[in-house]
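In full-length UniProt numbering, the protein residues as written are 62 to 214. Note that CB positions come from ideal geometry on N, CA and C, so glycine has one too. Worksheet: the structure to be examined is printed underneath.
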Ligand code: FES
């Protein structure tokens with residue numbers, strides 16, 4: 062199988078990895094870089110558990126080919142906190158009790174950060190629409206939306 066070398070920045074650190082050309086960004090993160098915060102729910106673009114930011118935009122990392130990310134800037138859930146200080150949205154998820162099993166939470170939080178940075182937080186309906194790619198099987202949507210809304214204020 063052909064492989065390629067890709068150099069990209071992940072959570073502020075420059076990384077260079079040789080990967081099979083079919084490798085998804087999600088597998089690059091989890092299998093090659095040991096960043097297992099991004100979750101593999103469906104591996105098919107349907108659940109949002111794998112959401113990361115690429116050059117500031119939300120993507121499903123399971124649908125993104127790693128070899129296309131030369132020089133990209135990737136932010137995962139591991140890159141959101143500032144040392145011991147949680148990102149305000151991470152703190153809001155705790156304060157609002159916005160998770161049960163937690164499996165979707167990394168994707169929800171990264172997606173929520175993207176949603177806030179994109180400015181799609183004018184109302185609960187708008188947040189719900191722009192977070193609709195992130196599925197929570199425990200049904201914590203009300204609290205997730207509230208956490209995003211609180212943080213955006
Ligand atoms: Fe990527 Fe479900 S694992 S969208």
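>> Quick check: the Cα distance between residue 165 and residue 101, rounded to an integer number of angstroms?
In response: The count along the chain shown starts at 1 and reaches residue 165 at position 104. The count along the chain shown starts at 1 and reaches residue 101 at position 40. Using only the alpha carbons, I get a separation of about 9 angstroms.
> Could you give the distance in angstroms between the alpha-carbon of residue 184 and the alpha-carbon of residue 205?
Replying inline: Taking the first residue of the chain shown as position 1, residue 184 is located at position 123. Taking the first residue of the chain shown as position 1, residue 205 is located at position 144. Distance between the alpha carbons of residue 184 and residue 205 is about 13 angstroms.
> In the structure shown, what three-state DSSP assignment does residue 88 receive?
Replying inline: As a first step, residue 88 must be located in the chain shown, where it is residue number 27. Residue 88 falls in the helix class under three-state DSSP.
>> Quick check on residue 210: buried or exposed, where buried means 16 or more other Cβ atoms within 10 Å of its Cβ?
In response: The residue labelled residue 210 in the question sits at position 149 within the chain shown. Its Cβ being crowded by 16 or more others within 10 Å, residue 210 is buried.
> Which value, in whole angstroms, describes the spacing of the CA atoms of residue 196 and residue 81?
Replying inline: In the chain shown, the residue the question calls residue 196 occupies position 135. In the chain shown, the residue the question calls residue 81 occupies position 20. Spanning the two alpha carbons is a distance of roughly 29 angstroms.
> Under the criterion of a Cβ to heavy atom distance below 7 angstroms, does residue 108 qualify as lining the ligand FES?
Replying inline: Taking the chain shown and counting its residues from 1, one reaches residue 108 at position 47. For the ligand FES, at least one heavy atom lies less than 7 angstroms from the Cβ of residue 108.
> Any heavy atom of the ligand FES closer than 7 angstroms to the CB of residue 116?
Replying inline: The count along the chain shown starts at 1 and reaches residue 116 at position 55. No, since every heavy atom of the ligand FES falls outside the 7 angstroms radius drawn around the Cβ of residue 116.
> Which first and last residues belong to the alpha helix (DSSP H) in which residue 77 is found?
Replying inline: The residue you call residue 77 lines up with position 16 of the chain shown. Taken as a continuous stretch (DSSP letters only), residue 77 belongs to no alpha helix (DSSP H), being part of the beta strand (DSSP E) at 74-81.
> Fully enclosed by the region 136-213, which alpha helix (DSSP H) runs are 4 residues long or longer?
Replying inline: 149-157, 166-179, 185-191, 202-213
>> Taking its Cβ as the centre, do 16 or more other Cβ atoms sit within 10 Å of residue 63, making it buried, or is it exposed?
In response: Counted from its first residue, the chain shown places residue 63 at position 2. Flag for residue 63 reads exposed.
> Excluding the five sequence neighbours on either side, which residues of its own chain have a C-beta within less than 6 angstroms of the C-beta of residue 194, listed in chain order?
Replying inline: The residue given as residue 194 occupies position 133 in the chain shown. These residues qualify, in order along the chain: 109.
> For residue 122, which three-state DSSP category applies?
Replying inline: By 1-based counting over the chain shown, the position of residue 122 is 61. It is helical.
> In whole angstroms, what is the alpha-carbon distance linking residue 75 and residue 116?
Replying inline: Here residue 75 refers to the residue found at position 14 when the chain shown is read from its first residue. Here residue 116 refers to the residue found at position 55 when the chain shown is read from its first residue. In a straight line, the C-alpha of residue 75 is about 14 angstroms away from that of residue 116.
> In the DSSP assignment, what residue or residues form a beta bridge with residue 134?
Replying inline: On the chain shown, residue 134 is found 73 positions in, with the first residue counted as 1. Paired residues: 70.
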